[in-house]
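Each remark here refers to the structure printed beneath this line.
Residue numbers (the UniProt record's numbering): 1 to 174.
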């Protein structure tokens, strides 16, 4: 049985369904039915504006975000798809914390729903540091389909690593 590294925490029957789709070479079609579109958020500046918009809509009282960028090294060096950090520096006798959000570059080419899911995840960390019940409740508040999108993103990451895939979903042929 092929291990599905992104889906290990999910029930065996779900993993078996994904394995079956892989064996039938239909996993890409399964994903493309829902996620074949692409977003236009290609620059760090556009990503910053997108994140600020979501923050303003859902987390007005959260700390300001000082820097946002796509990071080419993120998924390889941190084993993460997004990262939030607070860099503290002393400025004039005061301690200043600068908040950053970094998003893995693979999301430039991903469906808009996947970008939104990872951004919501990182924004939720502004209020909740740990992956606890309150954190996931906040994610669901900002994006009601959060859990389904997280699962489908994990399926997408699995599909991206299959031999012969391009990393870009195409609408299924009928």
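Backbone N, C-alpha and C fix where the C-beta goes; we use that ideal spot for every residue, glycine too.
State the DSSP-derived secondary structure class of residue 105, mapped to helix, strand or coil. For the purposes of this step, residue 105 is taken as the residue at position 105 of the chain shown. In the structure shown, residue 105 sits in a helix (DSSP, three-state: H, G or I).
Contact belief for residue 54 with residue 123 at Cβ below 8 Å, rounded distance in angstroms: Mapped onto the chain shown, residue 54 falls at position 54. Mapped onto the chain shown, residue 123 falls at position 123. Taking 8 Å as the upper bound for CB-CB distance, residue 54 and residue 123 are in contact here, some 6 Å apart.
Helix, strand or coil at residue 82 according to DSSP, with G and I counted as helix: Counting from one through the chain shown, the residue named residue 82 turns up at place 82. In the three-state scheme derived from DSSP, where H, G and I count as helix and E and B as strand, residue 82 is classed as strand.
Nonlocal neighbours in the same chain, by C-beta distance under 6 Å from residue 98, ignoring five residues either side: As a first step, residue 98 must be located in the chain shown, where it is residue number 98. A distance below 6 Å between beta-carbons, with the five flanking residues on each side excluded, links residue 98 to the following residues of its chain, in chain order: 66, 87.
Looking at C-alpha atoms only, which residue of 121, 129, 158 is the closest neighbour of residue 144? Reading the chain shown from its first residue, position 144 is the one you call residue 144. Proximity to residue 144 across 121, 129, 158 peaks at 121, based on C-alpha coordinates.
Thinking C-alpha only, which one of 62, 83, 64 is nearest residue 72? For this step, residue 72 is matched to residue 72 along the chain shown. Per the Cα distances, 83.
By a C-beta neighbour count over all protein chains shown, 10 Å radius and 16 as the cutoff for buried, is residue 166 buried or exposed? Start at 1 with the first residue of the chain shown, and residue 166 comes out as number 166. Under this definition residue 166 is an exposed residue.
Check the C-beta distance from residue 59 over to residue 127 and give it rounded, since I have them as a contact under 8 Å. Walking along the chain shown from the start, residue 59 turns up at place 59. Walking along the chain shown from the start, residue 127 turns up at place 127. The pair is a contact, with the Cβ atoms about 6 Å apart (cut-off 8 Å).
Hey, how far is the Cα of residue 173 from the Cα of residue 24? Here the question's residue 173 lines up with position 173 in the chain shown. Here the question's residue 24 lines up with position 24 in the chain shown. For residue 173, the pLDDT reaches just 47, beneath the cut-off of 50, and the residue's location in the model is therefore unreliable, although a value from the coordinates is still provided. Those two C-alpha atoms are separated by around 15 Å.
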